[in-house]
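**Student:** Below are the structure tokens for one structure; questions will follow.
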Amino acid sequence: MAVLGHLELAKYPFLADAGGYLRECGFTLEQLADDQDLKPIRDQAFARVAAAVDEGKVYRPSIETGSQLPREVFSFLLAVVLLKMSGARHLAKKFAMQEARGAEMLLERDLGRARTASQVLLATEIIRDLSGMGIQKQEEHFVVPVPEYLRRAVTFHAREWKLINRRVESGLVYLTPHETVRLIRQELVNYIVSRIEGAAMPPPVPGLQGFAGQLSAMEARLRPKTVVSSGEFAPCVKHAAKTMADGDNLSHAGRFLLATFLLARGHSISDIVPYFEKAPDYKKSVTLYQLEHLAGKSGKGTAYRCQSCQKLKTLGLCHEIPECAGIVNPLQFGVGR
Amino acid sequence: MRPPDASFIRRCMKRYYFERFDMIELPSDMPKREFGFRRADSGMVRHLQLHDSADLRVLLLQAVPLEVYVSNARYLLPSQPIPEKVWEDAHLIFDIDAKDLDLECRPSHTVASCERCGHGTSGPCERCGHRGIRKTSVACPSCMRAAGDQADRLLDILADDLGVREGVRVYFSGNEGFHVHVHDEQLARLGAAERVELADYVAFRGMLPERLGVARDGASSLPRPSEGGWRGRFAREVLGSKAGRSRTAREISSGGYDAFARRVEGMTSGLGVRIDPGVTMDVHRIFRMPGTVNGKSGMAKVPCADLKRFDPYVSAVVFSDEPVHIRASCPVSFRMMKRRFGPYANEYVRVPAYAAAYMVCKGLAHVVE
Chain A
0 MAVLGHLELA
10 KYPFLADAGG
20 YLRECGFTLE
30 QLADDQDLKP
40 IRDQAFARVA
50 AAVDEGKVYR
60 PSIETGSQLP
70 REVFSFLLAV
80 VLLKMSGARH
90 LAKKFAMQEA
100 RGAEMLLERD
110 LGRARTASQV
120 LLATEIIRDL
130 SGMGIQKQEE
140 HFVVPVPEYL
150 RRAVTFHARE
160 WKLINRRVES
170 GLVYLTPHET
180 VRLIRQELVN
190 YIVSRIEGAA
200 MPPPVPGLQG
210 FAGQLSAMEA
220 RLRPKTVVSS
230 GEFAPCVKHA
240 AKTMADGDNL
250 SHAGRFLLAT
260 FLLARGHSIS
270 DIVPYFEKAP
280 DYKKSVTLYQ
290 LEHLAGKSGK
300 GTAYRCQSCQ
310 KLKTLGLCHE
320 IPECAGIVNP
330 LQFGVGR
Chain B
0 MRPPDASFIR
10 RCMKRYYFER
20 FDMIELPSDM
30 PKREFGFRRA
40 DSGMVRHLQL
50 HDSADLRVLL
60 LQAVPLEVYV
70 SNARYLLPSQ
80 PIPEKVWEDA
90 HLIFDIDAKD
100 LDLECRPSHT
110 VASCERCGHG
120 TSGPCERCGH
130 RGIRKTSVAC
140 PSCMRAAGDQ
150 ADRLLDILAD
160 DLGVREGVRV
170 YFSGNEGFHV
180 HVHDEQLARL
190 GAAERVELAD
200 YVAFRGMLPE
210 RLGVARDGAS
220 SLPRPSEGGW
230 RGRFAREVLG
240 SKAGRSRTAR
250 EISSGGYDAF
260 ARRVEGMTSG
270 LGVRIDPGVT
280 MDVHRIFRMP
290 GTVNGKSGMA
300 KVPCADLKRF
310 DPYVSAVVFS
320 DEPVHIRASC
330 PVSFRMMKRR
340 FGPYANEYVR
350 VPAYAAAYMV
360 CKGLAHVVE
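These protein sequence lines map, in sequence, to chains A and B.
Take the first sequence: its letters are residues 0 to 336, numbered as in numbering that gives the first Met the number 0.
Take the second sequence: its letters are residues 0 to 368, numbered as in numbering that gives the first Met the number 0.
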């Protein structure tokens, strides 16, 4: 674990041991809730969560003067308490995301400015604590072992994150500070979420009930959006269906695509079977067995998912058209929110 | 396969597995692997667990399978159906097959024959009227050299870019290609999605012009030959000389970003390694077991220490040279054990067992009872 000073704790308060920090500073939760002198901390804690509701509004801690540092840590810890009291789980996730964005900016700056061995060590240890990813500094870059890079980058859809579009030498991927931090964004969010979820449920503190109530009201406003689908097939699926309709041989992966796509769009197995009837090696019993297996109706009950656009490209099954822009899975084709 | 042919192949295999069991490379952690096999007269049997070499010996000598497979994955419960096996890891495998290289020589050593009776034909069979045609490729040293060159390129990328120098083993597949096995603990833990990225990397698939120094706003700073990774490889193999660099720079300024992007995309097959991505990304596949015979050729999957000197038609020939009487319809000649065989136009001939097995496995000959 990295040994953190007040400045680092103010920047990355989620790394603090909450109970230990309060004890060390000589405070109790009741004091934070009731003490009039500590009202600015309560307001800041509430504002910190409220900021998360406004998309894209990232909380920026005040770390310019030493006296402001403990307030940053307290407001974060109190924000966690308020979220726990309100039971607002969606809000907690949004809060974690926005806090992560803020931390990301600071971490990127720390990595970029790290010149001395101790600065580099501290920044890289923070990253290791947050994500388990081992990084080292080489020249002006940070390097990550290929497997560690891949595990994280495969969740990104922009082509620039493909391994082929990175500098890769001797088993290491070269990254800028910005890219390094972007790579662990999800782990940063997960880390903060786990800190919130893992925090003990605070005892009822009257001074904080009002804030918690307001957060509950905010949570109620976070309704899921309605999804509308045009019902149109993605071009790769149309191509697969046409290959089958023409009686040509479609690869195993192509058949998997057609079947899983149709299943995910709600077609019944008996509706899907005719798509495969003209296959040169068609056998109804085999087709039924395989469709039932893909649908999770046989075997252990695992329903298989349609391959991603990226995987289909690799398999040579992608037939991209301009309308595919922005989708990462054929199932998203023609779907609007 | 007709019963006399199957019986001949079965005898050859049984003798090989009995006399040369030492040729078979047992996998590490054998009880954690899934085994499978296929006999000439039946479908695939898989999800088998073998605990040691004795188990394998019994399988080979009793079932005498045409093909024997083992998983690259290790499982907690290898004999269970895939969703219940509990996957632990799988060493990385790349498959290079000469048939995927679109070589010019291909039509000259590909034989078309009737699926049912084996009569040489390019349309509906004149002998039996069956419409199904089977295309069979016969031994071609230049195909194997080309596949070997691909394997060589792959080894360079694995070493220089991915830093994998230890634990890489190259095998001749037993038919027309190579399997490159990478035993690396970290890479073995990667899932299918990560392996897709590795497959795309070695195949030079998905490269953005920006990575090669060409931006949408027209700015370009092309890579230098001294650079590592794909940038350096691109500079050395595509840009070449100073003149080549200037020509490319002119093309970029006149054609623009999109034209360059199309050009780069078109280079995938020429510059990248021609692997089968479906093999690399599959973490539950079972592969031909090293040292066992490939039922498509009667040759064995064998290790290949030196790709430049490797001659599969000598090193992978494992059956005896006892003469066998066959009726051969092999219109293309081929060499094995430095001897030339064919062409045969539906002829009765006596050839060594290894050549007979090769033609029988390829459906180009039948054993005369």
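Cβ atoms here follow ideal geometry from the backbone N, Cα and C, with glycine treated the same way.
Computed from a prediction, not measured in an experiment: that's the story for all the values here.
Under a Cβ-count criterion, where at least 16 other Cβ atoms within 10 Å of its own Cβ denotes burial, should B/R232 be classed as buried or exposed?
**Tutor:** Within the second sequence, residue 232 of chain B is the residue found at index 233, counting from 1. It is buried - the Cβ of B/R232 has at least 16 other Cβ atoms within 10 Å.
**Student:** Under 7 Å between beta-carbons, which chain A residues line up against B/E193? List them in chain order, please.
**Tutor:** Taking the second sequence and counting its residues from 1, one reaches residue 193 of chain B at position 194. Result: L149, R150, V153.
**Student:** Quick check on this structure: which residue in B/M280, B/R284, B/V313, B/P311 has the alpha carbon closest to the alpha carbon of B/A191?
**Tutor:** One-based indexing of the second sequence puts residue 191 of chain B at position 192. Of the listed residues, the one whose Cα sits closest to B/A191 is B/M280.
**Student:** Can you find a CB in chain B that lies within less than 8 Å of the CB of A/A252?
**Tutor:** One-based indexing of the first sequence puts residue 252 of chain A at position 253. At least one chain B Cβ lies under 8 Å of A/A252.
**Student:** Measuring only between beta-carbons, confirm whether B/Y256 sits less than 8 Å from chain A.
**Tutor:** The sequence position of residue 256 of chain B within the second sequence is 257, counting from 1. For B/Y256, the answer is no, since every Cβ of chain A falls outside 8 Å of its Cβ.
**Student:** Over what stretch of residues does the beta strand (DSSP E) that includes B/Q48 continue unbroken?
**Tutor:** As a first step, residue 48 of chain B is located in the second sequence; it is residue number 49 there, counting from the start. Looking at the DSSP string, B/Q48 is not in any beta strand (DSSP E), and its letter there is neither H nor E.
**Student:** Candidates B/A145, B/A111, B/C127, B/E125: which alpha carbon is nearest B/R133's?
**Tutor:** As a first step, residue 133 of chain B must be located in the second sequence, where it is residue number 134. The shortest Cα separation from B/R133 among B/A145, B/A111, B/C127, B/E125 belongs to B/A111.
**Student:** Does the Cβ of A/Q35 have 16 or more other Cβ atoms within 10 Å, making it buried, or fewer, making it exposed?
**Tutor:** Against the first sequence, residue 35 of chain A aligns to sequence position 36. Flag for A/Q35 reads exposed.
**Student:** I think B/V169 touches B/C303, with their Cβ atoms under 8 Å apart; what is that distance to the nearest whole Å?
**Tutor:** Here the question's residue 169 of chain B lines up with position 170 in the second sequence. Here the question's residue 303 of chain B lines up with position 304 in the second sequence. Correct: roughly 5 Å between the Cβ atoms.
**Student:** Closer than 6 Å by C-beta to A/R151: which residues in its own chain qualify, once you throw out the five before and the five after it? Chain order, please.
**Tutor:** Taking the first sequence and counting its residues from 1, the one referred to as residue 151 of chain A is at position 152. Excluding sequence neighbours, A/R151 sits near L182.
**Student:** For B/L189, decide whether its Cβ has a neighbour in chain A, counting only Cβ atoms nearer than 8 Å.
**Tutor:** On the second sequence, position 190 is the one that residue 189 of chain B refers to. Yes, B/L189 lies at the interface with chain A (some Cβ there is under 8 Å from its Cβ).
**Student:** Would you tell me roughly how many angstroms separate the C-alpha atoms of B/G255 and A/N248, rounded to the nearest one?
**Tutor:** Taking the first residue of the second sequence as position 1, residue 255 of chain B is located at position 256. Taking the first residue of the first sequence as position 1, residue 248 of chain A is located at position 249. The straight-line gap from Cα to Cα measures roughly 39 Å.
**Student:** According to DSSP, is B/Y312 helix, strand or coil?
**Tutor:** The residue you call residue 312 of chain B lines up with position 313 of the second sequence. Here B/Y312 sits in helix by DSSP.
**Student:** Output, in chain order, the set of chain A residues within a Cβ distance shorter than 7 Å of B/W86.
**Tutor:** Counted from its first residue, the second sequence places residue 86 of chain B at position 87. Residues of chain A passing the Cβ test: none, with the nearest at roughly 13 Å.
**Student:** Below 8 Å on C-beta distance, what does B/R204 contact in chain A?
**Tutor:** Along the second sequence, one-based indexing puts residue 204 of chain B at 205. Correct list: I163, K312, T313.
**Student:** What first and last residue would you give for the alpha helix (DSSP H) that runs through A/K312?
**Tutor:** For the purposes of this step, residue 312 of chain A is identified with residue 313 of the first sequence, where counting begins at 1. Residues 308-313.
**Student:** The beta strand (DSSP E) spanning A/Y173 covers which residue range?
**Tutor:** In the first sequence, residue 173 of chain A corresponds to position 174, counting from 1. Where A/Y173 is concerned, the enclosing beta strand (DSSP E) stretches over 171-174.
**Student:** Short of 7 Å in beta carbon distance, which residues of its chain neighbour B/D51, apart from the five on each side in sequence? Order them along the chain.
**Tutor:** As a working note, residue 51 of chain B is residue 52 in the second sequence. If we look at B/D51 and ignore the five residues flanking it on each side, its Cβ neighbours are M29.
**Student:** For A/S284, decide whether its Cβ has a neighbour in chain B, counting only Cβ atoms nearer than 8 Å.
**Tutor:** Against the first sequence, residue 284 of chain A aligns to sequence position 285. Chain B, which has no Cβ nearer than 8 Å to the Cβ of A/S284, makes this no.
**Student:** Examine chain B for any beta-carbon lying closer than 8 Å to the beta-carbon of A/V167, and answer yes or no.
**Tutor:** As a first step, residue 167 of chain A must be located in the first sequence, where it is residue number 168. A/V167 counts as touching chain B.
**Student:** Between B/V323 and B/V350, which are expected to be in contact by the criterion C-beta below 8 Å, what is the C-beta distance as a whole number of angstroms?
**Tutor:** Taking the first residue of the second sequence as position 1, residue 323 of chain B is located at position 324. Taking the first residue of the second sequence as position 1, residue 350 of chain B is located at position 351. The pair is a contact, with the Cβ atoms about 6 Å apart (cut-off 8 Å).
**Student:** For a contact defined as C-beta to C-beta under 9 Å, what are the partners of A/P144 on chain B?
**Tutor:** Reading the first sequence from its first residue, position 145 is the one you call residue 144 of chain A. Chain B residues near A/P144: G162, Q185.
**Student:** In chain order, what residues of the same chain lie with their CB nearer than 8 Å to the CB of A/K93, ignoring the 5 residues before and after it?
**Tutor:** If you number the first sequence from 1, residue 93 of chain A lands on position 94. For A/K93, where only same-chain residues beyond five positions count, the Cβ hits under 8 Å are A51, V52, L221.
**Student:** Let me confirm a value: A/I320 is counted as buried when at least 16 other C-beta atoms fall within 10 Å, else exposed. Which label applies?
**Tutor:** Mapped onto the first sequence, residue 320 of chain A falls at position 321. Answer is exposed; the Cβ neighbour count stays below 16.
**Student:** State the beta-bridge partners of B/I132 as determined by DSSP.
**Tutor:** Here residue 132 of chain B corresponds to residue number 133 of the second sequence, with the count starting at 1. DSSP lists B/C113 as partners of B/I132.
**Student:** In its own chain, which residues sit with a C-beta less than 7 Å from the C-beta of B/R1, not counting the 5 before and 5 after it?
**Tutor:** For the purposes of this step, residue 1 of chain B is taken as residue 2 along the second sequence, with counting starting at 1. Around B/R1: H365.
**Student:** Between which two residues does the beta strand (DSSP E) carrying B/R287 extend?
**Tutor:** To locate residue 287 of chain B, count along the second sequence from 1; it is residue 288. Counting along the chain, B/R287 sits inside the beta strand (DSSP E) bounded by residues 285-287.
**Student:** How would you call B/V201, buried or exposed, if buried means at least 16 neighbouring beta carbons within 10 angstroms?
**Tutor:** For this step, residue 201 of chain B is matched to residue 202 along the second sequence. Label assigned to B/V201: buried.
**Student:** Pull up the DSSP beta-bridge partners for B/C329, would you.
**Tutor:** For the purposes of this step, residue 329 of chain B is taken as the residue at position 330 of the second sequence. Bridge partners of B/C329 according to DSSP: B/Y343.
**Student:** Under three-state DSSP, which class holds B/Q79?
**Tutor:** Counting from one through the second sequence, the residue named residue 79 of chain B turns up at place 80. B/Q79 falls in the coil class under three-state DSSP.
**Student:** Quick one, are the C-beta atoms of B/I274 and B/I95 less than 8 Å apart?
**Tutor:** Here residue 274 of chain B is taken as the residue at index 275 of the second sequence, counted from 1. Here residue 95 of chain B is taken as the residue at index 96 of the second sequence, counted from 1. Yes, the Cβ-Cβ distance between B/I274 and B/I95 is below 8 Å.
**Student:** Please list the terminal residues of the continuous beta strand (DSSP E) segment that includes A/R47.
**Tutor:** Taking the first sequence and counting its residues from 1, the one referred to as residue 47 of chain A is at position 48. From DSSP, A/R47 is part of no beta strand (DSSP E) but of the alpha helix (DSSP H) over 38-52.
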